[in-house]
Each structure stands twice: as structure tokens, then as C-alpha cells.
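In what follows, a single structure is set out as C-alpha cells and then discussed.
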Amino acid sequence: MTPTKILVTGASGFIGSRLCELLSLEYRLPYRAMVRDFSRAARIARLDAELVAGDMLDAASLARAVEGCDAVVNLAHGDDESAQKQTTQLIEACTRAGVRRIVHISSMAVHGPSPKLDVLTEATAPIERWNEAYSDAKAAAEAVVVAAGKRGALETVVIRPTIVYGPYSFFVTPIVHDARGGKISLIDGGRGLCNAVYVDDVCEAIMAAIERDDAVGEVFLINGDGRLTWGEFITTFAGMVEGEKTVHDHALDDIAAYWKSKQPNARDSVKAAIRLAASPAFHAQLGTIPSLGQLIRGAKEMVARRITPEQKLKIKSRLRGRGAPAPIDDVPSVRMPSEGRVVREAYRAWVANDHAKARLGWKPAHSFELGAQRTAEWMRFARLI
Numbered sequence: 004m005t006p007t008k009i010l011v012t013g014a015s016g017f018i019g020s021r022l023c024e025l026l027s028l029e030y031r032l033p034y035r036a037m038v039r040d041f042s043r044a045a046r047i048a049r050l051d052a053e054l055v056a057g058d059m060l061d062a063a064s065l066a067r068a069v070e071g072c073d074a075v076v077n078l079a080h081g082d083d084e085s086a087q088k089q090t091t092q093l094i095e096a097c098t099r100a101g102v103r104r105i106v107h108i109s110s111m112a113v114h115g116p117s118p119k120l121d122v123l124t125e126a127t128a129p130i131e132r133w134n135e136a137y138s139d140a141k142a143a144a145e146a147v148v149v150a151a152g153k154r155g156a157l158e159t160v161v162i163r164p165t166i167v168y169g170p171y172s173f174f175v176t177p178i179v180h181d182a183r184g185g186k187i188s189l190i191d192g193g194r195g196l197c198n199a200v201y202v203d204d205v206c207e208a209i210m211a212a213i214e215r216d217d218a219v220g221e222v223f224l225i226n227g228d229g230r231l232t233w234g235e236f237i238t239t240f241a242g243m244v245e246g247e248k249t250v251h252d253h254a255l256d257d258i259a260a261y262w263k264s265k266q267p268n269a270r271d272s273v274k275a276a277i278r279l280a281a282s283p284a285f286h287a288q289l290g291t292i293p294s295l296g297q298l299i300r301g302a303k304e305m306v307a308r309r310i311t312p313e314q315k316l317k318i319k320s321r322l323r324g325r326g327a328p329a330p331i332d333d334v335p336s337v338r339m340p341s342e343g344r345v346v347r348e349a350y351r352a353w354v355a356n357d358h359a360k361a362r363l364g365w366k367p368a369h370s371f372e373l374g375a376q377r378t379a380e381w382m383r384f385a386r387l388i
């Protein structure tokens, strides 16, 4: 199909902003950019985009956003609880407005943190609930889109990108910040497989999904060519920063033990409940309930009459100290990798892109070397290196 107008949801995000740039500057196609918070839309506000405020949980704003569009690129995402509802409302708005096709951007994360396969393909990799918020939310949203396509509500295409990098990527900037501090952080020697794809190649796949009719009803894994380890990915970008650096290699067992020690126990939960009960904000909320508000005020007056000034001072002193920072000895000099980072960098499967090449007529135009070079140009412009 040749779209007359494209709605881009999640337009202020990393991929969404780049897609809007390419729609304006290269593809030259009319589009509308839906954003929830205009303060985060500076990157696309300089373009000739038609900006519209929208909330994926607000049916009225979705109706305004999709009006007059025949294609939608859904880059918005929510947490596990809201993702399914957001996507359902978007599908309903698209159906009522007569939108012909939706291209939904999912993620390789729907296949879970540690698939028991050496190579992932659309046909062989399972989609299940993994008790991991991001992957479960992505799977729930994707299921809504696939179901809509099967019942004929509208034409659907699902794109599952891998690790998307490029200018503004949050996979790149933390590496550079660490390197500027003289540190390189690896997990398990950097041996995990990094399925990396340059952001422009993802945008090209999205455009192919909009334009090609034989893409309808299909799901596509979008990955770069050439196998890459996380060690190679990290040291490439860290090496763009001048100066000596120390490599900190974190063993998986050490990371697991660290985060297990940070899990809240029953005593922590009781303390948290006491802090909540003592907080003025909690009291204020309870006070908005008429009968409960009277009860709380009466209890406070009774306590105020019976408590001594010395006891008041002691309680205030303890409450003021509850938010004090941890002693410096408790803060490690090197940050322990987050659990989310461990999921990514301990990955052992390679994601195949053969189906996208065959059906979309797409192939990645950027090798990792070229993508890293273009990312470095932006980092110099942004004075990160």
C-alpha cells in the first residue's frame, strides 16, 4: 500500500523520533506524531511533523490521533498491566476510523531471557510468560495485534527488533559514561551474544512493512548481520573515549548473589509499611474519605493530648533519619550490573533475519562497524566523546 497519512505512536521515543526524522527528510511521507508529553518531543518538534497530544489509555485522544490516517506505526509501550489495554484501545480506535494497516513494534524479548535454542526464528522460538515485566508486557501487547489481524479487524504486521543502537541509544550512552569515568563493565567476560541492529535499519523494515502487501499477517525478527559479542559491542564504544580504563568483569554467580541479598525480607516489608503509615501524604489521602478522615483526626487529637514533649522529639528525630543516605562504605566503587542488563548480556542465542529478507525485501544496510561509526559522529556532536 501507499499510505496517505501515517500515525506514529510513541513518536518521542528513540526509534519513534528517528522514524519521524526519516519520514520528513528522506521518505517524504505525510505523518502525524502522537506524543504523551510535549516536553520530551524536542527532537521531532523541529521537523514539519503534525504533533498531536495523545494518551494510549484515553479513547477520545486516540480517536483524534487516528482520524484521517490509513496506516499506524505503534511504538508506544506500557508496563505489564497497561500494555494489553493500551493496544486493545488503539486497535478499537483504528477499526472505528477505518485504518487499513497497523505495524506494531514488539521486541525479541517476547522469546524470553534464555531461550533453549542456538538460533531463533519466527517459526521456532516460543512466546510465553517469563515473569519478567518487559517481555511479558511486549508479549501481551503483541497478542492483541495478532488476534485483531486474524479476525480481520485490520491488516497487521509485527516487527520484533533486537538490540537497537545508534544516536541517542540507551544501550550506548551508559557505556560511554562509564568509559569517561575510566571503567569498562563486562558480564561473564562479555561472551554473551549481542544481537545488534542499527536504528535506521529498523526504520527501513517498518517502512517495508507499511508498503508491502505480502507482509500482512506476518511477524518479522529484525536483526543486523554478522555475529557480535557483548564484549565487542561494549569495548567498541568504550574505546571511543580517550584515556586509560580498567575492565571490571562481573561473574554471573556474583551478580546473582548480590541481587539476592538486596531482595526485601519480611522485616523490610514491615518497616516500609510503618514508614508509609507515618507519612503525611498517606494521612492526607486517608483523610479524603469522610468517615475515615474523622476517625484519623480524632485519633491524632487523642495521641497529641497523651504524648509528652520528650516523646514527640524522639519520634520526629527517628522519622527525619529514615531517609538518610547509606554510609559511604556501603556504596561499591563499581556499580553492580542490573538484573535487566544481565538478561541481555548473558544471552546465548543468535536471532536470524532470513524471513525479513525473504518476505519484506529488506536487509540491514549497516554493518556494526558502519553503525558504530555513525553513532560516534553523533557522540562527537553531542560532546560525549
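Start counting at 1 in the sequence shown, then tack on 3, and there's your number in the working numbering. Beta carbons are placed, not taken as given, at the ideal position from N, Cα and C, and that holds for glycine. Note that the structure is a prediction, hence the values are computed from the model and not measured.
So is A329 buried or exposed if we call it buried at 16+ other beta carbons inside 10 Å?
Its pLDDT being 38, under 50, A329 is placed unreliably in this model, and the value from its coordinates should be taken loosely. Under this definition A329 is an exposed residue.
Hey, V76 and I9 are a contact pair by Cβ (cut 8 Å); roughly how many whole angstroms apart?
Going by Cβ atoms, the distance from V76 to I9 rounds to 6 Å, so yes, they are a contact pair.
Roughly how far, in whole angstroms, is the beta-carbon of T165 from the beta-carbon of I258, given that I think they are within contact range, below 8 Å?
The C-beta distance from T165 to I258 rounds to 22 Å, too long to fall under 8 Å, and the pair is not in contact.
Only counting the same chain, and skipping five residues up and downstream in sequence, which positions put a Cβ closer than 6 Å to that of T90?
Exclusion of the five residues before and after T90 leaves A144 and V147 as the residues of its chain whose Cβ lies within less than 6 Å of its Cβ.
Return the bridge partner residues of H107 from the DSSP annotation.
According to DSSP, H107 bridges with N77 and V161.
Where the alpha helix (DSSP H) containing F41 begins and where it ends:
Run containing F41: none; DSSP gives neither H nor E here.
In the structure shown, what three-state DSSP assignment does S188 receive?
Here S188 sits in strand by DSSP.
Let me check understanding here. Comparing Cα to Cα, which of S138, R31 and R67 lies closest to L54?
The shortest Cα separation from L54 among S138, R31 and R67 belongs to R67.
Bridge-paired residues (DSSP) for H251:
In the DSSP assignment, H251 is bridged to S188.
Buried or exposed: H180, going by 16 or more other Cβ atoms within 10 Å of its Cβ?
Exposed is the call here.
Run the CB neighbour count on E348, radius 10 Å, all protein chains shown included, and call it buried at 16 or more, exposed below.
Around the beta carbon of E348, 16 or more other beta carbons lie within 10 angstroms, which makes this residue buried.
Using C-beta distances below 8 Å, list every residue in its chain close to C206, excluding the 5 sequence neighbours before and after it, in chain order.
Take C206, set aside five residues on each side of it, and the residues of its chain with a beta-carbon closer than 8 Å to its own are I18, R21, L22 and L25, in chain order.
Quick one: grab the DSSP three-state call for L26.
L26: helix per DSSP, three-state reduction.
Which class does T90 belong to by DSSP, given the choice of helix, strand or coil?
Shown here, T90 sits in a helix according to DSSP, grouped into three states.
Beta-ladder partner(s) of V55, from DSSP:
DSSP, once it has assigned bridges, lists M37 as partnering V55.
Range of the contiguous alpha helix (DSSP H) that encloses T378:
F371 to F384 is the extent of the alpha helix (DSSP H) around T378.
I'd like to know whether the C-beta atoms of G229 and S85 end up nearer to each other than 8 Å.
Taking 8 Å as the Cβ cut-off, G229 and S85 do not qualify as a contacting pair.
Q376 burial status per 10 Å Cβ neighbour count (16 or more: buried):
The Cβ neighbour count for Q376, taken over all protein chains shown within 10 Å, is under 16; the residue is labelled exposed.
Express the C-alpha separation of L373 and M382 in angstroms, rounding to a whole number.
Each residue's CA atom was taken as its position, placing M382 and L373 some 14 Å apart.
Bridge partners - W353, DSSP secondary structure assignment
Paired residue(s): V122.
State the Cα-Cα distance for the pair G155 and D73, rounded to the nearest angstrom.
Looking at the two C-alpha atoms, the distance is approximately 15 Å.
In terms of alpha-carbon separation, which member of A48, I213, F174 and P267 lies closest to V161?
The shortest C-alpha to C-alpha distance from V161 to any of A48, I213, F174 and P267 is the one to I213.
Give me the Cα-Cα distance between F236 and A63, rounded to the nearest whole angstrom.
If I take the Cα positions, the gap works out to 43 Å.
When A199, V250, A142 and C97 are compared against W133, the one with the closest alpha-carbon
It is A142 whose Cα lies nearest to the Cα of W133.
May I ask which residues mark the beginning and end of the alpha helix (DSSP H) holding T5?
From DSSP, T5 is part of no alpha helix (DSSP H); its letter is neither H nor E.
Along the alpha helix (DSSP H) that carries I225, what are the first and last residues, could you check?
Per DSSP, I225 belongs to no alpha helix (DSSP H); it is in the beta strand (DSSP E), V222 to I225.
Does the beta-carbon of F223 have 16 or more other beta-carbons within 10 angstroms, so that it is buried, or is it exposed?
Flag for F223 reads buried.
Start and end residues, beta strand (DSSP E) containing I209:
Segment V202 to E214 is the alpha helix (DSSP H) holding I209; no beta strand (DSSP E) there.
What's the call for V113, buried or exposed, on a 16-neighbour Cβ count within 10 Å?
Its Cβ being crowded by 16 or more others within 10 Å, V113 is buried.
Strand pairing of I166, partner residues [DSSP]
I166 pairs with A199.
Whose C-beta lies closer than 8 Å to the C-beta of R321 among residues of the same chain, with five residues either side of it excluded?
Caution is warranted here: a pLDDT of 45 is assigned to R321, below 50, making its placement in the model unreliable, and no coordinate value can be reported.
Are D191 and W353 closer than 8 Å when you measure CB to CB?
In this structure, the beta-carbon distance from D191 to W353 does not fall below 8 Å.
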